[in-house]
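Chains A and B are the protein sequences, given in the same order.
Sequential numbering from 2 applies to the first sequence in the numbering used here.
Sequential numbering from 11 applies to the second sequence in the numbering used here.
Cβ atoms here follow ideal geometry from the backbone N, Cα and C, with glycine treated the same way.
Given the structure is predicted, the values throughout are model-derived calculations rather than measurements.
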Amino acid sequence: MSARSTADAVRAGERSARSVVEEHLAAIDAREDEIHAFNLVMADEALTQADDVDRRIAEGEDPGPLAGVPVALKDNLCTRGIDTTCGSRILEGWRPPYDATAVERLVAAGAVVIGKTNCDEFAMGSSTENSAFGPTRNPLDTSRVPGGSSGGSAAAVAAGFAPLALGSDTGGSIRQPAALCGTVGVKPTYGRVSRYGLVAFGSSLDQVGPFAASVEDAALLLEAIGGHDPRDSTSIPEASPDLLGVLGQGVEGLRIGIISELMGGPDQAASVEGIAEDVRARVEQAAEALAAAGATVEHASVPSTIYGLSAYYLIAPAEASSNLARFDGVRFGLRVDADTAPEMNTATRTAGFGDEVKRRIMLGTYALSAGYYDAYYGRSQKVRTLIQRDFSRAYESFDLLLSPTAPTTAFPLGDKTDDPMLMYLADVCTIPSNLAGHPAMSVPFGTGDDGLPVGVQVLAPALAEATMFRAAAVLEGTAP
Amino acid sequence: MSDQALIPGWEVVIGLEVHAELATVTKMFSSALNRFGGEPNTNIDPVSLGLPGSLPVLNEKAVELAIRVGLALDCVIQPSVFSRKNYFYPDMPKDFQISQYDLPINGIGSLELPDGRRIGIERAHLEEDTGKSTHVGGGGRIHEAGHSLIDYNRSGVPLIEIVSAPDMRGAEDARAYVSELRSILVAIGASDGKMEEGSMRVDCNVSVRRQGTTELGTRCEVKNINSLRSMGRAIEYEARRQVDLLESGERVQQQTRHWNEDDGRTHKLRSKEEAYDYRYFPEPDLVPVEPSEEWIAEIRAALPMLPRERRRRLADAAGVEPSDTALTVQRGMDDLAVDAIAAGADAERVLVHVENNLADGAGELTAAPFAALVAMETGGDLTATQAKTVLADLVASGGDPAAHAAAHGFEAMDTSELEALVDRIIAQHPDDWDGFVGGDDKERRKKAGFFVGQVMKATRGQADGRIVNELLAQRADGQGA
Chain A
2 MSARSTADAV
12 RAGERSARSV
22 VEEHLAAIDA
32 REDEIHAFNL
42 VMADEALTQA
52 DDVDRRIAEG
62 EDPGPLAGVP
72 VALKDNLCTR
82 GIDTTCGSRI
92 LEGWRPPYDA
102 TAVERLVAAG
112 AVVIGKTNCD
122 EFAMGSSTEN
132 SAFGPTRNPL
142 DTSRVPGGSS
152 GGSAAAVAAG
162 FAPLALGSDT
172 GGSIRQPAAL
182 CGTVGVKPTY
192 GRVSRYGLVA
202 FGSSLDQVGP
212 FAASVEDAAL
222 LLEAIGGHDP
232 RDSTSIPEAS
242 PDLLGVLGQG
252 VEGLRIGIIS
262 ELMGGPDQAA
272 SVEGIAEDVR
282 ARVEQAAEAL
292 AAAGATVEHA
302 SVPSTIYGLS
312 AYYLIAPAEA
322 SSNLARFDGV
332 RFGLRVDADT
342 APEMNTATRT
352 AGFGDEVKRR
362 IMLGTYALSA
372 GYYDAYYGRS
382 QKVRTLIQRD
392 FSRAYESFDL
402 LLSPTAPTTA
412 FPLGDKTDDP
422 MLMYLADVCT
432 IPSNLAGHPA
442 MSVPFGTGDD
452 GLPVGVQVLA
462 PALAEATMFR
472 AAAVLEGTAP
Chain B
11 MSDQALIPGW
21 EVVIGLEVHA
31 ELATVTKMFS
41 SALNRFGGEP
51 NTNIDPVSLG
61 LPGSLPVLNE
71 KAVELAIRVG
81 LALDCVIQPS
91 VFSRKNYFYP
101 DMPKDFQISQ
111 YDLPINGIGS
121 LELPDGRRIG
131 IERAHLEEDT
141 GKSTHVGGGG
151 RIHEAGHSLI
161 DYNRSGVPLI
171 EIVSAPDMRG
181 AEDARAYVSE
191 LRSILVAIGA
201 SDGKMEEGSM
211 RVDCNVSVRR
221 QGTTELGTRC
231 EVKNINSLRS
241 MGRAIEYEAR
251 RQVDLLESGE
261 RVQQQTRHWN
271 EDDGRTHKLR
281 SKEEAYDYRY
291 FPEPDLVPVE
301 PSEEWIAEIR
311 AALPMLPRER
321 RRRLADAAGV
331 EPSDTALTVQ
341 RGMDDLAVDA
351 IAAGADAERV
361 LVHVENNLAD
371 GAGELTAAPF
381 AALVAMETGG
391 DLTATQAKTV
401 LADLVASGGD
411 PAAHAAAHGF
421 EAMDTSELEA
431 LVDRIIAQHP
441 DDWDGFVGGD
451 DKERRKKAGF
461 FVGQVMKATR
471 GQADGRIVNE
481 LLAQRADGQG
491 A
């Protein structure tokens, strides 16, 4: 049952929020041991929240468009009085004194928070294997990863643990796991959803966004969490977009470009490498489906996207090296005592952070260092400007762009853990949208040769989520 | 101020970095209160604690106050960007400080000293304050302390850092600069300027060079200065130390040094090589600050009169140099003085009273009775000493100067009575009188003082010194002719 029809049934008094939550808790009970989507299942709190929704309905109130719908939250979103670990030992035991804006808005819309989902530590990773609490497994094939870093949220939706989930996307951390788990995943325009209460990784790239089993449910969730928030200075001063209202409008007359540089293949000289043949074939098939629905589909060039990965792995770690400085053992989370304050800082961070986090802190610290700043951070900002310029040019000719979400379908656990560069390549198609600040989403479109889902990425210019969702709805309707 | 060559053959060069806490109601980036004192860790919130997920939101009032400072210092007000200054320290919750780096809100400007000289301002930028550590045990230093307590009430308090050019040449200049800057900050409501509460802090960059040379020497930055007095001592100590090094053939090394009030010395904190690499980069959680021309004009229009304008106004009214009015303006009594002068009072007497007799404040004194008092004095109805007594009455309880004078029994002395007394005293001191009549200027002044003193003694201060001087001059002229 979709989130939308569940909420409608609860609002109409046809079923209780408690029964909805109980049903999902039962699903969690059945498979969570095997999948490990959650760091924390909030069974008691969820039932209390559900009872509150039911009481309000009994009193004639309307709890809102998400009434009684369970939502799973990535464990880097602050929840008042509830452990928020970011998949790290260093935050073990910390309970934020406040809710993230996105969480506040969910609850205000009647949703029920059902748990905190596993993720790569501080959202750094593409497989959820970098969690300090062990990996999450792909519900469709538990020998495979769910993608990452929001792998727990993707798995929770794919396994039916929750109809909706929130993740965060810094370089693809919503879209890539959505693709690998066969769900819809959306990275909104930078500034569309408040970052207040999202534990920062790369502040200029981070964006909170929805996971759902359908395009419609993703629209429902994004409408609920979007819109201006005065607590986030980078929040766009606009109301949340109307998405549900445009889903049926189709793509007739839209100009859609397939990004050549992100398609790989022997005939694409200036393209990223590693795009699997079966994935490329599905994207081409998706393009045909859009053309059949009335869109004009052509090849588009966004040349500098091929440098996106390199720029991203300087900018994101640079910001992270600064954002993660506060985990110093002084005020919250883990503290490993030592004789002096600097030694305590070092001991705490050595014990509390995992290898990938340490790697990125070192990378970022280096990139910002005196004498290296211009060559690394400075130059990567120039690439970022180039990517923004190239996208702007492409959007003079196209309304939307199309690409694979991930180069391959879900890969086996342990496959890339020994080779960080190989792991980083999993985000090669998703990173450019973060650098540009544009919205993009992944829509399931058939399967690869291994029978596992393939995601097609729809990219749009800033604030054009509505157009993006129209194409997504068409893809969903025509998917093989 | 001119004679600052404390160390013969050497010139001291000083640039100052002044941090002033801005007088906002709330903090720079959150709604926690900006308030001095209070129970530790009560004026805090997720932002001032740097909790994960918290985000800064710029306090518009802090920007307005910074622009006021910029306008008062004739700075270029420009679009600016916040940056992160990264370093680990327990009282800095995020382990980075939000500051402005290459694009400060206020660019080049200048500050005019009371004597008319201008000290260059390189920039005046916004940043947030840190918390406050108290190191328990080990003499209060972090490395030897048993443990440390941290109060985050100050964390996130808005600061303006005002960086001067190396335009000062001695401790006197530095003191004049800091007190003028403090007067300006207080006058425009930007800061309370209290050094003793740490709401204004000064770091000194000191270097020395051979007199007559123009190249700047290697500088040292001296920190931990808590008063104007210790700033002067620190500068003098540090300059002497550097000269001693150079004169003994050694080199000054670029260092950050810590002023120790107790032993009166500066101590090395870290060398240039040990300096932090702050890894500045633009703060991604904030957007650039681009104040509109209209807003700047509005702020300019609302600025109160600055100390230098007040000095000039009083100087024009009194017919003196602006530097002669510095103390009156500093005491905030320039309105009183200007009004008393406008009411007809003798300007010189007004300034003398403000400077000499109103050090503890004007109390109940207002311009009209002040002017009336000065008129009585210049009209010969009161002697200077009597006027001082009546002035004290006016400060204490206000009222009418004539009534106070009558209550004291002050009456103008009959001139013929005074003439007789003067003649009698001249006759009693023939040698002194010869000195007065025949001596050089210096001798004449000395003897005049003697005779006035004798007359005052005989009249218990009731005589008017000005008239006594006139009588002495008349009699001397009569003899000389």
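Grab me the residues of Ser189(B)'s own chain with a C-beta within less than 8 Å of its C-beta, minus the 5 sequence neighbours each way, in chain order.
Taking the first residue of the second sequence as position 1, residue 189(B) is located at position 179. For Ser189(B), where only same-chain residues beyond five positions count, the Cβ hits under 8 Å are Leu238 and Gln340.
Report, in whole angstroms, the separation of the C-beta atoms of Ala42(B) and Ser58(B), which I expect to be a contact under 8 Å.
As a position in the second sequence, residue 42(B) is number 32, starting the count at 1. As a position in the second sequence, residue 58(B) is number 48, starting the count at 1. Rounded, the Cβ-Cβ distance is 5 Å, consistent with contact.
Tell me the rounded alpha-carbon separation between His439(A) and Thr306(A).
Within the first sequence, the letter at position 438 stands for residue 439(A). Within the first sequence, the letter at position 305 stands for residue 306(A). Taking C-alpha positions only, His439(A) is separated from Thr306(A) by approximately 13 Å.
Can you round the beta-carbon distance between His300(A) and Ser261(A) to whole angstroms, since I take them to be within the 8 Å contact cut?
Taking the first sequence and counting its residues from 1, one reaches residue 300(A) at position 299. Taking the first sequence and counting its residues from 1, one reaches residue 261(A) at position 260. With a Cβ gap of about 5 Å, His300(A) and Ser261(A) count as contacting.
Would Ala407(A) and Gln208(A) qualify as a contact pair, given that the criterion is a beta-carbon distance under 8 Å?
Counted from its first residue, the first sequence places residue 407(A) at position 406. Counted from its first residue, the first sequence places residue 208(A) at position 207. No; because the gap between Cβ atoms is not below 8 Å, this pair is not in contact.
So what does DSSP say about Glu138(B), is it helix, strand or coil?
Here residue 138(B) corresponds to residue number 128 of the second sequence, with the count starting at 1. In the structure shown, Glu138(B) sits in a strand (DSSP, three-state: E or B).
Taking 8 Å as the CB-CB limit, is Asp329(A) close to chain B?
Counted from its first residue, the first sequence places residue 329(A) at position 328. Judged by the 8 Å Cβ criterion, Asp329(A) is in contact with chain B.
Thinking C-alpha only, which one of Asp30(A), Ser151(A) and Ala59(A) is nearest Leu74(A)?
Looking up residue 74(A) in the first sequence gives position 73. That would be Ser151(A), whose Cα lies nearest to the Cα of Leu74(A).
I need the straight-line Cα distance from Pro66(B) to Leu199(A), nearest angstrom please.
Taking the second sequence and counting its residues from 1, the one referred to as residue 66(B) is at position 56. Taking the first sequence and counting its residues from 1, the one referred to as residue 199(A) is at position 198. If you take the alpha carbons of Pro66(B) and Leu199(A), they lie about 13 Å apart.
I'd like to know if Ser302(B) contacts chain A, where contact means its C-beta is closer than 8 Å to some C-beta of that chain.
Translated into the one-based positions of the second sequence, residue 302(B) becomes position 292. Closer than 8 Å: no.
Is the beta carbon of Pro164(A) closer than 8 Å to that of Ser3(A)?
For this step, residue 3(A) is matched to residue 2 along the first sequence. For this step, residue 164(A) is matched to residue 163 along the first sequence. In contact: Ser3(A) and Pro164(A) (Cβ atoms closer than 8 Å).
Less than 8 Å between CB atoms is the rule here; does Ser370(A) satisfy it with respect to chain B?
Reading the first sequence from its first residue, position 369 is the one you call residue 370(A). For Ser370(A), the answer is yes, since a Cβ of chain B falls inside 8 Å of its Cβ.
Out of curiosity, what's the CA-to-CA distance linking Arg16(A) and Ala44(A)?
By one-based count along the first sequence, residue 16(A) stands at place 15. By one-based count along the first sequence, residue 44(A) stands at place 43. Each residue's Cα considered, the two are about 19 Å apart.
Coil, strand or helix - Phe106(B) by DSSP
Here residue 106(B) refers to the residue found at position 96 of the second sequence. Strand, per DSSP.
Can you give me the Cβ contacts of Tyr396(A) inside the same chain, cut-off strictly under 6 Å, excluding the 5 residues immediately before and after it?
For the purposes of this step, residue 396(A) is taken as residue 395 along the first sequence, with counting starting at 1. Within the same chain, Cβ atoms closer than 6 Å to the Cβ of Tyr396(A) are found at Pro462, the five residues on either side in sequence being excluded.
C-beta atoms of Leu436(A) and Tyr314(A) nearer than 8 Å:
Residue mapping note: residue 436(A) aligns to position 435 of the first sequence, counting from 1. Residue mapping note: residue 314(A) aligns to position 313 of the first sequence, counting from 1. Against a cut-off of 8 Å, the Cβ pair of Tyr314(A) and Leu436(A) comes out as no contact.
Considering only DSSP beta bridges, list what Asn215(B) is partnered with.
The residue you call residue 215(B) lines up with position 205 of the second sequence. Per DSSP, Gly25(B) and Glu231(B).
Quick check: the Cα distance between Ala468(B) and Val432(B), rounded to an integer number of angstroms?
Working through the second sequence from its first residue, we reach residue 468(B) at position 458. Working through the second sequence from its first residue, we reach residue 432(B) at position 422. Distance between the alpha carbons of Ala468(B) and Val432(B): 10 Å.
Distance CB(Leu335(A))-CB(Glu130(A)) smaller than 8 Å:
Reading the first sequence from its first residue, position 334 is the one you call residue 335(A). Reading the first sequence from its first residue, position 129 is the one you call residue 130(A). Taking 8 Å as the Cβ cut-off, Leu335(A) and Glu130(A) do not qualify as a contacting pair.
Can you tell me whether Gln438(B) is buried or exposed, with buried defined as 16 or more other CB within 10 angstroms of its CB?
Position 428 of the second sequence, counted from the first residue, corresponds to residue 438(B). Classification of Gln438(B): exposed, given that the 10 Å Cβ count is below 16.
Measuring only the C-alpha atoms, how far is Gly259(B) from Gln252(B)?
Counting from one through the second sequence, the residue named residue 259(B) turns up at place 249. Counting from one through the second sequence, the residue named residue 252(B) turns up at place 242. The straight-line gap from Cα to Cα measures roughly 11 Å.
Whole angstroms is fine: what's the gap from Ser404(A)'s alpha carbon to Ile257(A)'s?
Locating residue 404(A) in the first sequence gives position 403, where the first residue counts as 1. Locating residue 257(A) in the first sequence gives position 256, where the first residue counts as 1. Going by the C-alpha atoms only, they are around 11 Å apart.
Can you find a CB in chain B that lies within less than 8 Å of the CB of Ala467(A)?
The residue labelled residue 467(A) in the question sits at position 466 within the first sequence. The Cβ of Ala467(A) sits no closer than 8 Å to any Cβ of chain B.
Identify which residue in Thr388(B), Ala416(B), Thr376(B) and Gly390(B) has its Cα closest to the Cα of Ser492(B).
Any property of residue 492(B) remains undetermined from this structure, which presents chain B solely from 11 to 491.
Three-state secondary structure assigned by DSSP to Thr80(A)
For the purposes of this step, residue 80(A) is taken as the residue at position 79 of the first sequence. In the structure shown, Thr80(A) sits in a strand (DSSP, three-state: E or B).
Is the distance from the Cβ of Arg8(B) to the Cβ of Ser370(A) below 8 Å?
What is shown of chain B runs 11 to 491, which leaves residue 8(B) out entirely.
What residues in the stretch 89-103 of chain B bring their beta carbon closer than 7 Å to a beta carbon of chain A?
Listed by position, the residues of the stretch 89-103 of chain B near chain A (Cβ gap below 7 Å) are Arg94, Asn96, Phe98, Pro100 and Pro103.
Where Glu257(B) falls, given that 16 or more other Cβ within 10 Å makes a residue buried
Translated into positions along the second sequence, residue 257(B) becomes position 247. Label assigned to Glu257(B): exposed.
Taking Cβ-Cβ distances shorter than 7 Å, what residues in chain B pair up with Glu320(A)?
The residue labelled residue 320(A) in the question sits at position 319 within the first sequence. In chain order: Pro294.
Which value, in whole angstroms, describes the spacing of the CA atoms of Ala491(B) and Phe461(B)?
Mapped onto the second sequence, residue 491(B) falls at position 481. Mapped onto the second sequence, residue 461(B) falls at position 451. Reliability of the predicted coordinates at Ala491(B) is poor, the pLDDT of 41 falling under 50, and the value obtained from them is presented with this limitation in mind. Looking at the two C-alpha atoms, the distance is approximately 21 Å.
Check whether the stretch 396-404 of chain B touches the stretch 412-420 of chain B, counting contact only when three or more Cβ pairs, one atom from each stretch, lie closer than 8 Å.
With a cut-off of 8 Å, the stretch 412-420 of chain B and the stretch 396-404 of chain B count as touching, because enough Cβ pairs lie within range.
Report the three-state DSSP secondary structure of His439(B) (helix, strand or coil).
As a working mapping, residue 439(B) is identified with position 429 in the second sequence. Coil at His439(B), not helix or strand.
Please list the segments of the alpha helix (DSSP H) lying wholly inside the stretch 271-358 of chain A, counting only runs of 4 or more residues, in order along the chain.
278-293, 309-324 and 342-353
Identify the continuous beta strand (DSSP E) that holds Asn270(B) and give its terminal residues.
Taking the second sequence and counting its residues from 1, one reaches residue 270(B) at position 260. Unbroken beta strand (DSSP E) run through Asn270(B): Gln265 to Asn270.
Would you say Pro62(B) reaches chain A, if we count a Cβ-Cβ gap shorter than 8 Å as a contact?
Start at 1 with the first residue of the second sequence, and residue 62(B) comes out as number 52. It does: the Cβ of Pro62(B) has a partner Cβ on chain A nearer than 8 Å.
Less than 8 Å between CB atoms is the rule here; does Phe46(B) satisfy it with respect to chain A?
Walking along the second sequence from the start, residue 46(B) turns up at place 36. Closer than 8 Å: no.
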